[in-house]
Amino acid sequence: MNWIRFNEPYSHAGIVEESLRHLAASPFDGEAYKSRLAERFRTFGRYSTEVPLHFLQSATSALEVMAMAMEIQLGDEIILPSFTYPATANAFARQGAKLVFVDIEKDTLNIDPSAVEQAVTPRTRGIIPIHYGGIAADMGELRRITDSCGALLLEDASHGIGAAYEGMALGTMGEFGCLSFHHSKNMTAGGSGGCLFVNQKGYQGIVDEVLNQGTNRTAFLNGTVDAYRWQRVGGEYQMTNYAMAFLAEAMKELSTVTAMRTELWNRYAESFRPLEEKGCFRLAKLPLYARTNGHIFYLLLPSNAVREDLKRFLCGRSIEAFSHYEPLHDTVIGRQVGEERGAMDVTNLVTQGILRLPMHCSLTAVDQDRVIEAVHDYFSR
Ligand SMILES: *Cc1c(COP(=O)(O)O)cnc(C)c1O
């Protein structure tokens, strides 16, 4: 029996050959790669021409740039879900922010706006949802909270390419947002890659300096100053030409990839609904405002013991399945650079019970049927 992998990066010979053809013809023309990639984002991802797209080495880079551009000071608070990847936290912790971990909603595993509201203080500088699994967080409620407290809304949309909130692409609604093109995500730039959205005009100049080693190089290139100088702390985060060439080819297939994954997601959800009704586990509930991209499909099992047992059972049938994040509030470093605020009941339960099933574009209907049948067999023993 073939192994059914949890994930297969989205790549094929056509993407590789076409990107190598461009690289052979002009290996160093970074501006050409950048503008072709931006063009593909606008054509195939329908991203607005109003917002500059910054293609960076990773979503982590994008988050670090956000934190630098915000000029985070020691003790400024950033509210984030405890149930996330450490990358969300690291970018702000390294700038001296205090991380405030809050609980998630049980239907979407996204940051819970009512927990956020309780956690806001006069020191809150930013609130950062992650759009777990490509299902949008409740941006309307989060925006209402940031409007009333003056914090910035930052989107870690690392899971979110191709997904939307009320028809708007994830990452484009907060003051800042980012996408990841790591090969574990729906779309990859041939390994690692990220995109930073600076949706609020007021920050575009600062971000530009941060991305140019903290200099006003762009003003120099535009002819507004006669020499460029070091103005602030910045860095070098540019996506490589190779990665831009690869992603530009992959982006042509964004809608196909999203449609394939969404179909797999819906098929899992329909086949498992009877088991959910019997109380075997819970499934994600899609809010009306969210259009998913099928990034993750998970079961929420009643305990760690059941989760581990099912995982072993699936492994016995050559099916790979994984749990997910360890809550950040419950780590030594998490307690050093931050604190939990409010109850963490959902986070703790989800951590114990979540099991993610194989989800990728190479998952055939036959293989998906094998996964579905295995889960049904497990619960009918
Ligand atoms: C993958 C991921 C990141 C990091 O993305 P990179 O592009 O690998 O830096 C950050 N946040 C979340 C929620 C992620 O899933």
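Quick note: to get the working numbering, add 186 to the position in the sequence shown (first position is 1). Every residue gets a Cβ at the ideal spot worked out from N, C-alpha and C, and that includes glycine. None of these values were measured; they are calculated from a predicted model.
{"query": "Exposed unless 16 or more other CB atoms sit within 10 angstroms - verdict on proline 513", "result": "buried"}
{"query": "Cα-Cα separation between histidine 317 and leucine 239, rounded to whole angstroms", "result": "20 Å"}
{"query": "Where the alpha helix (DSSP H) containing aspartate 342 begins and where it ends", "result": "First-last for aspartate 342: 338-342, but that is the beta strand (DSSP E), not the alpha helix (DSSP H)."}
{"query": "Segment contact flag, the stretch 336-349 with the stretch 359-367, C-beta cutoff 8 Å, min 3 pairs", "result": "yes"}
{"query": "Given 8 Å, three or more beta-carbon pairs between the stretch 554-561 and the stretch 496-510", "result": "yes"}
{"query": "Buried versus exposed, by CB contacts within 10 Å (16 or more), methionine 359", "result": "buried"}
{"query": "CB of methionine 437 within 8 Å of CB of phenylalanine 241, strictly", "result": "no"}
{"query": "Any non-hydrogen atom of ligand 1 within 7 Å of threonine 246 CB", "result": "yes"}
{"query": "Residue from Arg226, Leu295, Gln304, Arg222 whose Cα sits closest to the Cα of glutamate 136", "result": "Coverage of the chain is limited to positions 187 through 567, which leaves residue 136 absent and any answer about it impossible."}
{"query": "Between the CA atoms of glutamine 281 and glutamate 422 - distance to the nearest angstrom", "result": "17 Å"}
{"query": "Between the CA atoms of alanine 199 and alanine 491 - distance to the nearest angstrom", "result": "42 Å"}
{"query": "CA-to-CA distance, serine 441 to asparagine 479, given in whole angstroms", "result": "10 Å"}
{"query": "Residues that DSSP places opposite valine 384 in a beta bridge", "result": "Phe362"}
{"query": "Whole-number beta carbon distance between asparagine 296 and proline 315, since they are thought to touch under 8 Å", "result": "6 Å"}
{"query": "Start-to-end residues for the beta strand (DSSP E) that takes in leucine 260", "result": "Per DSSP, leucine 260 belongs to no beta strand (DSSP E) and is neither H nor E."}
{"query": "Buried/exposed call for threonine 270, threshold 16 Cβ in 10 Å", "result": "buried"}
{"query": "Distance, tryptophan 416 Cα to threonine 448 Cα", "result": "47 Å"}
{"query": "Extent of the continuous beta strand (DSSP E) run through lysine 220", "result": "From DSSP, lysine 220 is part of no beta strand (DSSP E) but of the alpha helix (DSSP H) over 216-230."}
{"query": "Nonlocal neighbours in the same chain, by C-beta distance under 8 Å from lysine 284, ignoring five residues either side", "result": "Gly261, Asp262, Glu263, Ile264, Arg309, Val523, Gly524, Glu525"}
{"query": "With 16 other Cβ atoms within 10 Å as the buried cut-off, status of cysteine 501", "result": "exposed"}
{"query": "Closer than 7 Å: lysine 292 CB and nearest ligand 1 heavy atom", "result": "no"}
{"query": "Closer than 7 Å: lysine 371 CB and nearest ligand 1 heavy atom", "result": "yes"}
{"query": "Heavy atom of ligand 1 within 7 Å of glycine 528 beta-carbon", "result": "no"}
{"query": "Residue range of the alpha helix (DSSP H) that includes threonine 274", "result": "272-279"}
{"query": "Environment of isoleucine 519 [buried if 16+ CB atoms lie within 10 Å]", "result": "exposed"}
{"query": "Cβ neighbour criterion (16 or more within 10 Å) applied to serine 378", "result": "buried"}
{"query": "Cysteine 466 versus arginine 403: straight-line alpha-carbon distance, rounded", "result": "59 Å"}
{"query": "The stretch 449-463 touching the stretch 542-555, judged by at least three CB pairs closer than 8 Å", "result": "yes"}
{"query": "Any 3 or more C-beta pairs closer than 8 Å across the stretch 381-394 and the stretch 249-256", "result": "yes"}
{"query": "Inter-residue spacing [alpha-carbon to alpha-carbon] between tryptophan 189 and threonine 401", "result": "51 Å"}
{"query": "For leucine 382 and alanine 245, the rounded distance between their alpha carbons", "result": "7 Å"}
{"query": "Residues bridged to valine 152 [DSSP beta-bridge criterion]", "result": "Residue coverage of the chain in this structure runs from 187 to 567, which leaves residue 152 outside it and unanswerable."}
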